[in-house]
Amino acid sequence: MAIAIFGDVHGHLRLVFELCRRWQEATGQTLDAILQCGDMGWFPDVARIDRATRKHAKEDAEELGVARFFAPTATEEDPRLDENLEVVTAALYWAHGNHEDFERLREVVGSRDVAAVDRFDRVRWCRSGTAITVGG
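To convert, note that position 6 of the sequence shown is 823 in our numbering; the numbers rise steadily by one, no gaps.
See below:
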């Protein structure tokens with residue numbers, strides 16, 4: 818089994834899938850899952866970002882990567898992202914950190930322990946303490 822693990826990506830989800838694609842190509846292996854620990858930067862609406870994300874986004878627009886490319890209401894397209902998602906078929910599972918839109922997250926996931934929170938059905942939030950099975 819092959820699992821990629823990332824932490825504190827702060828909106829840089831395109832980079833996560835790019836790195837996973839490159840790893841798969843370099844090794845000839847397929848990832849079974851991607852884990853992301855804390856601070857996804859899950860802000861699907863840029864009007865609701867926290868102060869720290871707003872500050873960093875002024876210098877690095879990728880801090881808003883969730884809203885720009887992954888949110889159900891995303892308006893930007895990236896052919897490279899589409900290509901990476903075709904090659905990397907593993908889902909990304911994540912547990913929140915302290916830089917997320919918690920109110921919107923509660924609305925989206927409700928009482929579920931695991932829920933897809935992106936337009937590609939590939940980014941799955943996991944409630945703290947939830948055990949999941951990946952790759953069979």
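In this text, a Cβ means the ideal position worked out from N, Cα and C, and glycines have one as well.
Remember, it's a predicted structure, so these values are computed and weren't measured experimentally.
From residue i to residue j, what does the alpha carbon distance come to, in whole angstroms?
i: R939; j: A933; result: 7 angstroms
i: R941; j: T892; result: 20 angstroms
i: V945; j: H913; result: As written in the sequence, residue 945 is Ser, which differs from the Val given in the question. Whole-angstrom Cα-Cα distance: 8 angstroms.
i: R865; j: L852; result: 25 angstroms
i: A819; j: T950; result: 13 angstroms
So what does residue i bridge to, in DSSP terms?
i: C837; result: DSSP, once it has assigned bridges, lists no residue as partnering C837.
Determine, using beta carbons only, whether residue i and residue j come nearer to each other than 9 angstroms.
i: W911; j: W859; result: yes
i: D849; j: E917; result: no
i: C837; j: V905; result: yes
i: D867; j: T890; result: no
i: T854; j: F834; result: Checking the sequence, you will find Cys at residue 854 rather than Thr. Taking 9 angstroms as the Cβ cut-off, C854 and F834 do not qualify as a contacting pair.
Buried or exposed for residue i, going by 16 or more other Cβ atoms inside 10 Å?
i: D930; result: exposed
i: N901; result: buried
i: G927; result: exposed
Could you tell me which whole alpha helix (DSSP H) segments of length 4 or greater appear in the segment 883-945? 896-904, 919-926
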